[in-house]
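Engineer:
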Amino acid sequence: MKHTFFIKDWLNSFLSLLFPHCCVVCGRPLAKGEECLCIMCNINLPRTNYHLRKDNPVERLFWGQIPLERATSFFFYRKGSDFRQILHQLKYGGKKEVGIIMGRYMAAELSDSGFFEGVDVIIPIPLHKKKQQIRGYNQSECIARGIAAVTGITVCVES
Numbered sequence: 001m002k003h004t005f006f007i008k009d010w011l012n013s014f015l016s017l018l019f020p021h022c023c024v025v026c027g028r029p030l031a032k033g034e035e036c037l038c039i040m041c042n043i044n045l046p047r048t049n050y051h052l053r054k055d056n057p058v059e060r061l062f063w064g065q066i067p068l069e070r071a072t073s074f075f076f077y078r079k080g081s082d083f084r085q086i087l088h089q090l091k092y093g094g095k096k097e098v099g100i101i102m103g104r105y106m107a108a109e110l111s112d113s114g115f116f117e118g119v120d121v122i123i124p125i126p127l128h129k130k131k132q133q134i135r136g137y138n139q140s141e142c143i144a145r146g147i148a149a150v151t152g153i154t155v156c157v158e159s
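The numbers in the UniProt record's numbering rise by one with no breaks, and the one at position 76 of the sequence shown is 76.
(1) Reducing DSSP to helix, strand and coil, say where Arg78 ends up.
(2) How far does the alpha helix (DSSP H) with Phe116 in it reach, from first residue to last?
(3) On a CA-only basis, which of Pro29, Leu110 and Leu52 is nearest Cys41? Give me that one, please.
(4) Does the ligand COA have a heavy atom nearer than 8 angstroms to the CB of Val24?
(5) Alpha carbon to alpha carbon, what distance is there between Ile43 and Ile123?
(6) Quick check on the burial criterion: 16 or more other C-beta atoms within 10 angstroms. Buried or exposed for Ile39?
(7) Drop a sphere of 10 angstroms on the beta-carbon of Glu105, count the other beta-carbons inside from all chains shown, and report buried for 16 or more, exposed for fewer.
(8) When we look at the beta-carbon of Gly80 and count the other beta-carbons within 10 Å, is it buried (16 or more) or exposed?
(9) Relative to the C-alpha of Glu117, which candidate in Thr151, Glu35 and Asp82 has its C-alpha closest?
(10) Helix, strand or coil, according to DSSP, for Pro29 in the structure here?
(11) Taking only the alpha-carbon atoms, compute the straight-line gap between Gly103 and Lys129 and give it to the nearest angstrom.
Next up, the structure:
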């Protein structure tokens with residue numbers, strides 16, 4: 001059993017030399033243990049910290065539209081920013097794992113604030129059926145599944 005792990009680890013390291021996983025923001029090869037973002041891009045991710053503010057700009061967008069307990073966004077999307085690559089790879093690059101990983105990052109950071117306390121279900125924003133057929137997945141659902149992996153909250157998608 002120990003030898004199997006060693007061989008698998010060695011093979012993965014060798015394959016990473018030939019086909020490195022790269023940061024979706026800066027393109028640098030990821031170090032062992034890094035997922036999606038290198039440590040520098042993760043540190044520099046332009047976080048909103050809206051989860052720490054009641055009546056934040058995201059919540060205000062929904063006022064009078066739907067009943068809502070809380071809302072947030074994880075990071076700022078700015079035109080021309082390198083960080084737009086995160087969403088570009090998720091939406092148009094066919095990399096749904098980016099959404100799952102970013103959902104896990106988001107949940108890990110927001111959990112300590114109590115943001116998810118009392119949340120029974122996560123409902124991803126539905127994607128138009130034609131867009132979902134073209135893309136093959138709903139990027140909102142990918143993020144929700146990443147959040148669920150950390151929090152244990154059920155994800156409810158329309159069938």
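Each residue gets a CB set at the ideal place from its N, CA and C atoms; glycine is no exception.
Structural biologist: Put simply:
(1) The residue you call residue 78 lines up with position 78 of the sequence shown. DSSP places Arg78 in coil when its eight states are reduced to three.
(2) Against the sequence shown, residue 116 aligns to sequence position 116. Careful: Phe116 lies outside any alpha helix (DSSP H) and carries neither H nor E.
(3) Looking up residue 41 in the sequence shown gives position 41. Taking only the C-alpha atoms, the option nearest Cys41 is Pro29.
(4) As presented, the structure is devoid of all ligands, the ligand COA included, so that no description of it is given.
(5) Within the sequence shown, numbered from 1, the residue matching residue 123 stands at position 123. Within the sequence shown, numbered from 1, the residue matching residue 43 stands at position 43. Rounded to the nearest angstrom, the two C-alpha atoms are 29 angstroms apart.
(6) Against the sequence shown, residue 39 aligns to sequence position 39. Its Cβ having fewer than 16 others within 10 Å, Ile39 is exposed.
(7) Here residue 105 corresponds to residue number 105 of the sequence shown, with the count starting at 1. The sequence as given places Tyr at residue 105; Glu does not occur at that position. The residue in question, Tyr105, is buried, as its Cβ has 16 or more Cβ neighbours within 10 Å.
(8) Here residue 80 is taken as the residue at index 80 of the sequence shown, counted from 1. Residue burial is scored here from C-beta neighbours: Gly80 has fewer than 16 other C-beta atoms within 10 angstroms and is therefore classed as exposed.
(9) Taking the sequence shown and counting its residues from 1, one reaches residue 117 at position 117. Among Thr151, Glu35 and Asp82, the Cα nearest to that of Glu117 is on Thr151.
(10) As a working mapping, residue 29 is identified with position 29 in the sequence shown. The answer is strand: DSSP assigns Pro29 an E or B state.
(11) For this step, residue 103 is matched to residue 103 along the sequence shown. For this step, residue 129 is matched to residue 129 along the sequence shown. Cα to Cα, Gly103 sits roughly 23 angstroms from Lys129.
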